[in-house]
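Residue numbers (the numbering used here): 95 to 338.
From the three backbone atoms N, C-alpha and C, an ideal C-beta is built for every residue, glycine too.
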Ligand code: ATP
Ligand code: MG
């Protein structure tokens with residue numbers, strides 16, 4: 095496995111570092127073959143957004159923190175890319191919220207699940223946290239989905255009321271909404287089906303969202319009304335303003 099050699103002064107340092115983390119995760123068997131394609135799609139949108147958290151995305155993240163704090167049974171649901179890129183912050187957020195993390199992947203194989211759960215458990219030990227990690231023995235199915243991607247844990251996604259599920263697939267996002275859940279999605283593509291179908295969409299890069307959310311969940315936040323379409327419009331008009 096090649097060493098990470100980029101210089102911190104490189105203008106794309108952070109982006110190169112994220113790519114390197116994905117390479118390591120791929121090497122460790124944590125990712126599906128399409129993970130790099132999904133990341134590349136994200137990078138393209140991040141380029142258009144200016145690789146910074148917009149005011150509108152920060153606002154959406156603040157509402158997400160309030161929703162998670164207010165939930166009866168919140169759950170943080172991680173896929174391969176989010177685990178590879180933002181495991182530490184997601185674990186710290188879960189510790190603050192006193193909620194479990196469920197590893198839930200679209201292309202489920204026992205090997206990938208094992209690699210992801212091992213990695214997350216190692217990070218949890220290293221950080222000295224007590225977060226419960228779910229996912230290795232699914233005992234429930236998301237209604238309306240077929241095959242392994244319907245599998246989940248009852249005491250995770252199953253009985254949750256608020257699901258924080260970064261980089262979710264559009265279909266599954268829709269199925270979770272149909273179960274009556276409040277679904278918070280992180281997606282750099284404001285036009286993806288996940289972004290459009292979520293209850294609350296944070297259009298921002300997952301490592302930046304992790305840092306912002308961790309800051310927000312540290313203190314109590316009051317719930318406020320919002321219109322999700324405005325967060326989507328906010329991202330699109332931000333892109334338009336940058337280039338037109
Ligand atoms: P749809 O939601 O339309 O069904 P999809 O979920 O099947 O599409 P994918 O390409 O599989 O599409 O999902 C990857 C999504 O995750 C893309 O929309 C991409 O913009 C987003 N994405 C990838 N990396 C990141 C990241 N680091 N931070 C935030 N979003 C990201
Ligand atoms: Mg999607």
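(request) Using the Cα positions of residue 339 and residue 279, report the straight-line distance between them to the nearest angstrom. (result) Nothing can be reported for residue 339, as the shown portion of the chain is limited to 95 through 338.
(request) Taking residue 303 as part of the beta strand (DSSP E), name the residues at either end of that continuous run. (result) Premise fails: residue 303 lies in the alpha helix (DSSP H), 300 to 311, not in any beta strand (DSSP E).
(message) Given this structure, state the Cα-to-Cα distance separating residue 243 from residue 293, to the nearest angstrom.
(response) 21 Å
(message) Rounded to the nearest angstrom, what separates residue 217 and residue 282 at their Cα positions?
(response) 26 Å
(message) Please report the straight-line C-alpha distance between residue 191 and residue 328, rounded to a whole angstrom.
(response) Pairing residue 191 with residue 328, the inter-Cα distance amounts to about 28 Å.
(message) Could you check whether residue 181 and residue 125 sit closer than 8 Å to each other, using their CB atoms as the reference points?
(response) For residue 125 and residue 181, no; Cβs fall outside 8 Å.
(message) Considering only the alpha carbon of each residue, which of 144, 141, 197, 326 lies closest to residue 258?
(response) 197
(request) Return the first residue and the last residue of the beta strand (DSSP E) that residue 325 is part of. (result) No beta strand (DSSP E) holds residue 325; the alpha helix (DSSP H) holding it covers 322 to 337.
(message) Quick check: does the Cβ of residue 330 come within less than 7 Å of any heavy atom belonging to the ligand ATP?
(response) no
(request) Please go through the same chain and pick out, in chain order, the residues whose beta-carbon is closer than 7 Å to the beta-carbon of residue 205, but skip the five residues on each side of it. (result) 123
(message) Please confirm whether residue 230 has its beta-carbon closer than 8 Å to some beta-carbon of chain D.
(response) No chain D appears in the structure shown, which is made up of a single protein chain.
(request) Report, in whole angstroms, the separation of the C-beta atoms of residue 172 and residue 333, which I expect to be a contact under 8 Å. (result) Contact between residue 172 and residue 333 does not hold, since their C-beta atoms are separated by about 27 Å, which reaches or exceeds 8 Å.
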